[in-house]
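Residue numbers (full-length UniProt numbering): 1 to 403. The C-beta atom is built at its ideal place from N, Cα and C for all residues, glycine as well. To keep things clear, I will list the structure first and then write my remarks on it.
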Ligand SMILES: *[C@@H]1O[C@H](CO)[C@@H](O)[C@H](O)[C@H]1NC(C)=O
Ligand SMILES: *[C@@H]1O[C@H](CO)[C@@H](O)[C@H](O)[C@H]1NC(C)=O
Ligand SMILES: *[C@@H]1O[C@H](CO)[C@@H](O)[C@H](O)[C@H]1NC(C)=O
Ligand SMILES: *[C@@H]1O[C@H](CO)[C@@H](O)[C@H](O)[C@H]1NC(C)=O
């Protein structure tokens, strides 16, 4: 005899009585089993159970409308969760393309003509400092700015004996402006001391905050927390996104009117500014401004990348390539900030403010740095010797732009 195959139930001969006797078809059971049969798996005319036909409760054909709705809702929820997770993961992983740009050297500020590249700011301090910014000839006469073949110094005045309306200092703004570039700042000494608020930064002061501000080096008083790198912008520039940086992210909205204009900052280690930084012979800060984002690197004197040219190696044939450097101290990707439109016409600015909106606050002057009394009293009453460390010293500034 031939048993029917699963695909051809009628392959067996109908006249094969041995088979028929041995395999009575279930649907020929007597009526006494009718109740049982009505609940048993449904068999088709061939005696084979239909796929999926189990019990009436499991049979979708018998499901109530309610069951179908619950199933549909569950499926929709799962699909939504999968889509939301995929979107969130994709969004969180967004990161710009920082691939190598073809840079060439466009500006070098160095040597005894260092300050020829700058204008001296003489107006009232926009940051409410207790300071008098001195013009170019005055700064040279008072030795507030001083440059030799190997370095350039900008300092707070030590000679002033009447400081009851503020002490003299200098603030210089580069004549050249930049929309993008790779900036290499060789810094030999950073200013520090009670009441000081020094910064090495870029901005377009006459179009602030429209054209943005990039604070490459900034600290207050004794710089107990090291350097803070910060951006200040108009609206729609946020940094709560994926970043690749060694520094500690502070507030992430760069909009000037949020968080009391504290900007979106990144804090470095204590070795990145002030006494520790100076004791190590300073270091090199590099800032790259490009459409993909803004990144700032700090290299201590003992760990300069081989392609970072310094004041001691005056070579112009080596072009620095950030893609070969270790992770940046601060990373401001363009993910949720159109860097190209927020940062334009940037001048390089160097100053040493006194007191004012940041250094003069109790929270920073007293609590953080442990300075005595009030900031204004300190400036008014301390002799010039209190400012012996309040000076910048630079090897050189170099600016590279992509061809
Ligand atoms: C000016 O300052 C520089 C750098 O601190 C110093 O070397 C130089 O002696 C000063 N010049 C005068 C005339 O004080
Ligand atoms: C660029 O910046 C300079 C210096 O701050 C300013 O005088 C000038 O008006 C600015 N130019 C434009 C086109 O914004
Ligand atoms: C922020 O910038 C706007 C101009 O865009 C200005 O009116 C406002 O005073 C600024 N706020 C602060 C806190 O600097
Ligand atoms: C890079 O720029 C230089 C100067 O403009 C040009 O000669 C060179 O061909 C460029 N190289 C690449 C790879 O684009």
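Outcome for residue i when other beta-carbon atoms lying within 10 angstroms are tallied against a minimum of 16
i, result
"residue 92", "exposed"
"residue 377", "exposed"
"residue 233", "buried"
"residue 324", "exposed"
"residue 31", "In this prediction, residue 31 has a pLDDT of 44, which is less than 50 and means its spatial position is unreliable; what the coordinates show is noted afterwards. Residue 31 comes out exposed."
"residue 196", "buried"
"residue 184", "buried"
"residue 225", "buried"
"residue 362", "exposed"
"residue 367", "exposed"
"residue 125", "buried"
"residue 297", "buried"
"residue 97", "exposed"
Element boundaries [alpha helix (DSSP H), containing residue i]
i, result
"residue 341", "339-342"
"residue 90", "65-92"
"residue 139", "136-141"
"residue 378", "375-381"
Rounded separation between residue i and residue j - CA only
i, j, result
"residue 291", "residue 193", "37 Å"
"residue 176", "residue 347", "6 Å"
"residue 248", "residue 205", "27 Å"
"residue 134", "residue 168", "7 Å"
"residue 278", "residue 90", "43 Å"
"residue 371", "residue 223", "11 Å"
"residue 382", "residue 333", "43 Å"
"residue 104", "residue 319", "7 Å"
"residue 174", "residue 350", "9 Å"
"residue 309", "residue 77", "58 Å"
"residue 236", "residue 374", "37 Å"
"residue 402", "residue 385", "45 Å"
"residue 263", "residue 256", "6 Å"
"residue 181", "residue 107", "11 Å"
"residue 203", "residue 70", "59 Å"
"residue 230", "residue 275", "21 Å"
"residue 61", "residue 72", "15 Å"
"residue 243", "residue 254", "15 Å"
"residue 165", "residue 387", "17 Å"
"residue 302", "residue 161", "40 Å"
"residue 172", "residue 306", "30 Å"
"residue 398", "residue 88", "40 Å"
"residue 405", "residue 352", "For residue 405 there is no data in the structure shown, the boundaries of the chain being 1 and 403."
"residue 380", "residue 101", "49 Å"
"residue 300", "residue 327", "14 Å"
"residue 154", "residue 170", "7 Å"
"residue 141", "residue 109", "21 Å"
"residue 190", "residue 354", "15 Å"
Span of the beta strand (DSSP E), counted from its first residue to its last, around residue i
i, result
"residue 168", "167-169"
"residue 216", "213-218"
"residue 325", "Where residue 325 is concerned, there is no enclosing beta strand (DSSP E), given that its DSSP letter is neither H nor E."
"residue 275", "Note, residue 275: premise wrong, no beta strand (DSSP E); alpha helix (DSSP H) at 275-279."
"residue 356", "Premise fails: residue 356 lies in the alpha helix (DSSP H), 356-359, not in any beta strand (DSSP E)."
"residue 402", "391-402"
"residue 197", "196-203"
"residue 288", "283-290"
"residue 155", "152-155"
"residue 294", "293-300"
"residue 110", "103-110"
"residue 267", "264-267"
"residue 131", "131-133"
Can at least three beta-carbon pairs, one atom from the region 147-163 and one from the region 110-120, be found at a separation below 8 Å? yes
Inspect the CB distances between the region 329-345 and the region 283-303 and report whether three or more fall short of 8 Å. Contact between the region 329-345 and the region 283-303 is present: 3 or more CB-CB pairs across the two stretches fall below 8 Å.
Would you call the region 209-216 and the region 379-394 touching, i.e. three or more CB-CB distances under 8 Å? no
Flag this pair as touching only if the region 82-91 and the region 121-128 have three or more C-beta atom pairs under 8 Å; answer yes or no. no
Give the residues whose C-beta lies closer than 5 Å to at least one heavy atom of ligand 1, in chain order. 143, 146, 153
Using a strict less-than 6 Å threshold between each residue's beta carbon and the heavy atoms of ligand 3, what residues do you get? Counting only heavy atoms of ligand 3, the residues whose C-beta sits closer than 6 Å to one of them are, along the chain, 209, 234, 256, 257, 261.
Who sits around ligand 2, taking every residue whose Cβ is closer than 6 Å to one of its heavy atoms? Having a Cβ closer than 6 Å to some heavy atom of ligand 2 are 177, 204, 205, 206, 207, 345, 347.
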